[in-house]
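Asker:
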Amino acid sequence: MSSERVVVVGGGIGGLCACLELTQLGFDVTLLEKEQAIGGKIRQVAVGASDDIGLVDSGPTVFTMRWVFEQLFEACGESFSAHVQTDPLTILARHTWGEQYLDLFADRQQSADAIAAFSSPAEAKAFLEFCAMAKKVYEVLEKPFIQSARPSMAGMMGSLGIMQSMPLMAIGPFSDLWTSLGKYFKDPRLHQLFGRYATYCGSSPYLAPATLMLIAQVEMDGVWSVRGGMAEIPKAIGRLAESKGARIRTNASVQAIHQEHYRITSIELADGEHIPADYVVFNGDINALRQGLLGESLRSAISNRIPTSRSLSALTWSMKVKTSGFPLVRHNVFFNRDYASEFSAIFQHKAYPNHPTVYVCAQDRSDSGAALEQEERLLCLVNAPAIGDHEINQKEIDRCEQTAFTLLKQCGLELQEASHSTIRTSPTEFNRLFPGRGGALYGQATHGWMSSFQRSNALTQIENLFLVGGSVHPGPGVPMAALSGRQAVAALMARRNSIKR
Ligand SMILES: Cc1cc2nc3c(=O)[nH]c(=O)nc-3n(C[C@H](O)[C@H](O)[C@H](O)COP(=O)(O)OP(=O)(O)OC[C@H]3O[C@@H](n4cnc5c(N)ncnc54)[C@H](O)[C@@H]3O)c2cc1C
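For reference, each letter of the sequence shown is one residue, going 320 to 820 in this note's numbering.
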């Protein structure tokens, strides 16, 4: 098989997983990444003075579904834990609305006890009922949806049968997440907390389908911190792929993918170099193909039935600061009170929210919450509209920044910032890094009950071009994009075998 050449365009997690597995299968694989480092959205930003630079994890920070990586490494004859060291968190996240805070724990009963004390015993009971339902929804959807390469609503319901699809009927398959959560939680703070899970796939809780409650289950199944930061995951996959013979080239921007008679023949780099290819796996946003960013002839590679809608973008601040006041743990959420206005600003008005919710990852902290004497690395993030391809509105961004940091202060978190120690990233920069969707970070928005079934799968209209990544089924998130990599490999193998027959 070694004479068959695969070019993977993009070194995000989906591309890397495909690269590793295809190399393991014996293909001659070259991965081309336009940036200096592989990892894509799993990226680190250098912050601080030149004599004291810190690398701040400035993309994903919540690592879940570790089994996806365990299975990938196993398929390559390796053990994930031998390559990447992870520690389970006991506190999943700390949430505050200004006065006290509420922790959610890996241990469900501990979370219920915390909710009883923070809110009421009735809400704790509702939480346990919610957990039971989220677990059922996850279990029902894991195989026929998440792990299936080409799920359809009809096919999925058919394979589940009446008994197994009961949990989906019970939550109301056409219901939105917000309405569904309202059946469990009367305390608006808990309603908001569990609604926030929709943002994990870049969506509004008011528009996302109720089935997204399965994300709560994913988190309750385990959140890990990665020693050395999230970037260790792509690095480990890249190293392993190279050790098996893959070529990984960074600073290699693909300018065009050439085809003849509906077959890709070669890749052209920005410097004019041509690389012949028998198969291409594309790891950028699929909208980049539709916009002709990789060549006019690829505009029609993706079916026009697939929605082009934009998920959330973000405004982030990567910083090294001394903190005091609020007792940070690793993952912290500072909620605004008017959640609906945040999402109507972003999705209806394409504007920065007036009162954003702020997520803070204190990556030097364990979950004991022990205070740090020295400066620590923080990633602060607010949701933002995916308008990175519009003219930049500096004033709006400054205003959003001010309200975000005022909220942190009101909640008791003091940040003593050293000079030159904060790097702000806006949708404009995200659009440059991940072209095709205005800086949307999670592909299309998961809005409406059919949206999950409307994502592209790995196949395109071109026989030897395959898709991976967060804009492809099963959707965004580190483990999901990794799964898409594995599904693309399966699709490539199936096509190859059918052509060769
Ligand atoms: C701020 C932020 C926070 C997040 N938080 C979480 C979280 O806590 N947990 C979680 O699970 N997920 C989180 N996510 C989502 C998760 O990071 C992504 O869904 C996932 O990493 C996407 O992987 P991907 O395979 O789609 O590739 P991407 O990460 O999108 O990478 C694509 C790569 O392709 C490269 N590329 C594109 N075009 C070209 C070209 N023409 N030539 C060469 N290279 C090209 C790009 O440079 C990039 O490196 C977060 C994302 C962001 C941005």
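We treat Cβ as the ideally placed atom computed from N, Cα and C, and that holds for glycine.
Predicted model only: the values in this text are computed from it and were never measured.
Where do the N-terminal and C-terminal ends of the beta strand (DSSP E) with residue 585 fall, by residue?
Answerer: Here the beta strand (DSSP E) through residue 585 covers 582–588.
Asker: Taking only heavy atoms of ligand 1 into account, decide whether any of them is closer than 8 Å to the Cβ of residue 574.
Answerer: True, at least one ligand heavy atom lies under 8 Å from that Cβ.
Asker: Can you check whether the CB of residue 415 is closer than 9 Å to the CB of residue 651?
Answerer: Contact: yes.
Asker: Is the Cβ-Cβ distance between residue 578 and residue 755 less than 9 Å?
Answerer: For residue 578 and residue 755, no; Cβs fall outside 9 Å.
Asker: What separation, rounded to the nearest whole angstrom, lies between the Cα atoms of residue 645 and residue 412?
Answerer: C-alpha separation (whole angstroms): 14 Å.
Asker: Using a Cβ-Cβ cutoff of less than 8 Å, which residues in the same chain neighbour residue 715 once the five nearest sequence positions on both sides are dropped?
Answerer: Around residue 715: 670, 671.
Asker: From the DSSP output, in three-state form, read off residue 634 for me.
Answerer: It is a strand residue.
Asker: Could you give the distance in angstroms between the alpha-carbon of residue 642 and the alpha-carbon of residue 694?
Answerer: So the two alpha carbons sit approximately 7 Å from each other.
Asker: Using a 10 Å radius around the Cβ and a threshold of 16 neighbouring Cβ atoms, would you call residue 372 buried or exposed?
Answerer: Exposed, since its Cβ has fewer than 16 Cβ neighbours within 10 Å.
Asker: Helix, strand or coil: which one does DSSP assign to residue 595?
Answerer: Correct three-state label for residue 595: strand.
Asker: Give the DSSP-derived three-state secondary structure of residue 428 in the structure shown.
Answerer: Residue 428 falls in the helix class under three-state DSSP.
Asker: Go through its chain and collect everything with a Cβ distance to residue 798's Cβ below 7 Å, but skip five positions before and after it.
Answerer: Excluding sequence neighbours, residue 798 sits near 383, 384, 387.
Asker: Could you tell me which of 405, 538, 440 sits nearest to residue 457, measuring between CA atoms?
Answerer: Taking only the C-alpha atoms, the option nearest residue 457 is 538.
Asker: For residue 363, which residues from the same chain have a beta carbon less than 7 Å from its beta carbon, with the 5 sequence-adjacent residues on both sides left out?
Answerer: These residues qualify, in order along the chain: 374, 375, 376, 377, 548, 550.
Asker: List, from N- to C-terminal side, the alpha helix (DSSP H) runs of 4 residues or more that fit wholly inside the segment 331–359.
Answerer: Listed in chain order, they are 332–343.
Asker: Near residue 759, what residues of its chain come up, given a Cβ to Cβ distance below 6 Å and the 5 sequence neighbours on each side ignored?
Answerer: Taken in chain order, the residues that qualify are 629, 630, 632, 705.
Asker: What span of residues does the alpha helix (DSSP H) with residue 787 cover, start to end?
Answerer: Counting along the chain, residue 787 falls outside any alpha helix (DSSP H), and DSSP gives it neither H nor E.
Asker: State the Cα-Cα distance for the pair residue 702 and residue 593, rounded to the nearest angstrom.
Answerer: The alpha-carbon atoms of residue 702 and residue 593 are separated by roughly 39 Å.
Asker: For the beta strand (DSSP E) containing residue 565, list its first residue and its last residue.
Answerer: Neither: residue 565 is in no beta strand (DSSP E) and is coded neither H nor E.
Asker: Considering just the uninterrupted stretch of the beta strand (DSSP E) at residue 525, what are its terminal residues?
Answerer: From DSSP, residue 525 is part of no beta strand (DSSP E); its letter is neither H nor E.
Asker: Between the Cα of residue 564 and the Cα atoms of 816, 796, 345, 817, which residue gives the shortest distance?
Answerer: For residue 564, the nearest C-alpha among the options comes from 345.
Asker: Exposed or buried, residue 465, counting other C-beta atoms within 10 Å across all chains shown (16 or more means buried)?
Answerer: So residue 465 ends up on the buried side.
Asker: Here's a check: name, in chain order, each residue in its chain whose Cβ is nearer than 6 Å to the Cβ of residue 682, leaving out the five neighbours to either side.
Answerer: 376, 696.
Asker: Measuring only the C-alpha atoms, how far is residue 615 from residue 449?
Answerer: Distance between the alpha carbons of residue 615 and residue 449: 48 Å.
Asker: Is it buried or exposed for residue 859, if we count other Cβ within 10 angstroms and need 16 for buried?
Answerer: With the chain represented from 320 up to 820, any question about residue 859 goes unanswered, as that position is not in the structure.
Asker: Which class does residue 680 belong to by DSSP, given the choice of helix, strand or coil?
Answerer: Correct three-state label for residue 680: strand.
Asker: For the alpha helix (DSSP H) holding residue 827, just list the boundary residues, first then last.
Answerer: Shown here, the chain extends from 320 to 820; a query on residue 827 therefore has no answer.
Asker: Count the other CB atoms, across all protein chains shown, that sit within 10 Å of the CB of residue 774; report buried if there are 16 or more and exposed otherwise.
Answerer: It is buried - the Cβ of residue 774 has at least 16 other Cβ atoms within 10 Å.
Asker: Tell me whether the segment 706–726 and the segment 523–535 touch, counting them as touching only if at least three CB pairs, one residue from each stretch, are closer than 8 Å.
Answerer: Result no; under three Cβ-Cβ pairs closer than 8 Å.
Asker: Between residue 441 and residue 431, how many whole angstroms is the CB-CB distance? I'm expecting something under 8 Å.
Answerer: Incorrect: roughly 11 Å between the Cβ atoms, too far for contact.
Asker: Is residue 760 near ligand 1, in the sense that its beta carbon is under 8 Å from a heavy atom of that ligand?
Answerer: Under cutoff, so the answer is yes.
Asker: Within 8 Å, do at least three Cβ pairs link the segment 348–368 to the segment 324–331?
Answerer: Yes, since at least three Cβ pairs between the segment 324–331 and the segment 348–368 fall closer than 8 Å, the two stretches touch.
Asker: Would you check if the segment 491–500 and the segment 726–740 touch, i.e. whether three or more CB-CB distances between them fall below 8 Å?
Answerer: No, the segment 726–740 does not touch the segment 491–500.
Asker: Can the beta-carbon of residue 699 be found less than 9 Å from the beta-carbon of residue 635?
Answerer: The answer is yes: Cβ separation under 9 Å.
Asker: Starting from residue 639, follow its DSSP beta bridges and name the residues at the other end.
Answerer: Paired residue(s): 696.
Asker: Is residue 403 helix, strand or coil by DSSP?
Answerer: Looking at residue 403 - three-state DSSP - the assignment turns out to be coil, as it is neither helix nor strand.
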